[in-house]
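Take 19 as the starting number for the sequence shown in the working numbering and just add one per residue.
Positions of the beta carbon are idealized from the N, C-alpha and C atoms, including for glycine.
Since the model is a prediction, treat every value here as computed from it, not as a measurement.
Quick notes on the structure that follows.
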Amino acid sequence: MPTDIDRCMMIARFQPLHYGHLNAIKHCFEKCGEVIIVVGMASQSHTPENPFTAGERILMIRETVKWSDLPLDKLITVTLPTMEVSRVAVHYVKLYSPPFKYVVTLNPIIQRLFAEEGYHVLQPPIVERGNHRGTVIRRLMAEGSPEWKKLVPPPVAEIIERIDGVNRVRMLLREKLPGYYATA
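What follows is the structure in structure tokens.
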């Protein structure tokens, strides 16, 4: 049975899960026996920045882990309610998660907060960071470009299509894309 010494935690919003996230998850499995994935901002959905529900994001994670032939039995998924990023958030992650030793993140604020609490912070390898961002993917969806599908694993694209997620994102971003619906 893995101990906190052999367990790492990764926190992200997964709006949606993309290949950058998948690379980080693979990095976690290379470093540790068990991986805790914390779905942040879990209490928010149907907003421009957080269009997908926590349940939809958990499904994206699980299906992608299976598709990638990673050990699903070594994955622990935790949700974290929406809160300000601060030391309080670190406290809540500790309350909602099994014990862990390593934190895998690219976010400098999260790196600092967990390092100050005594955790070992690991940076995953960076692969095409410019395109592997939820904001880029959501914008492509809203613009009607099929290019977003190239930035997410196939199970994520299937889930988004099944829940009519592209139209959800388009509707939510209507206000943020001036003139977008003028021709529709």
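Cβ neighbours of residue i in the same chain (closer than 6 Å, five flanking residues each side left out)
i	result
Pro69	Arg186, Val187, Leu190
Ile127	Val103
Val121	Met27, Phe132, Tyr137, Val139
Met159	Trp166, Val184, Val187
Thr97	Val57, Ala60, Ala72
Residues near residue i by beta carbon distance below 7 Å, same chain, minus five either side
i	result
Gln141	Leu124
Ala200	Low confidence applies to Ala200: its pLDDT is 39, below 50, so where it sits in the model is not reliable, and the reading given next is rough at best. Nothing listed; no residue qualifies.
Pro116	Arg25, Ile54, Ile94
Ile181	Glu74
Pro99	Ala60, Ser61
Asn149	Leu169
Glu135	Val108
Arg105	Leu131
Integer-rounded CB distance, given that residue j should sit under 8 Å from residue i
i	j	result
Val174	Thr82	6 Å
Ile155	Met78	Contact flag wrong, Cβ pair sits at about 12 Å.
Ile76	Val56	Going by Cβ atoms, the distance from Ile76 to Val56 rounds to 11 Å, so no, they are not a contact pair.
Gly183	Gln33	With 8 Å as the limit, Gly183 and Gln33 do not qualify as a contact, their Cβ atoms being about 10 Å apart.
Pro143	His64	Contact doesn't hold; Cβ gap of about 33 Å is too wide.
CB of residue i within 8 Å of CB of residue j, strictly
i	j	result
Pro171	Trp85	yes
Leu90	Arg80	yes
Ile23	Lys119	yes
His39	Leu169	no
Gly51	Lys92	yes
Asn41	Val145	yes
Beta-ladder partner(s) of residue i, from DSSP
i	result
Val170	None; Val170 has no bridge partner.
Cys26	Val53, Tyr120
Close beta carbons around residue i, own chain, < 8 Å, minus the five adjacent residues each side
i	result
Tyr110	Leu98, Pro99, Met101
Lys49	Cys26, Tyr120, Val122, Leu140
Tyr114	Val56, Val96, Thr97, Leu98
Run through the stretch 111-157 for me and flag every whole beta strand (DSSP E) of 3 or more residues, listed as ranges in chain order. 120-122, 138-140
Just list the beta strand (DSSP E) runs in the stretch 58-112, keeping only unbroken ones of 3 residues or longer that don't cross its boundaries, in chain order. 93-97
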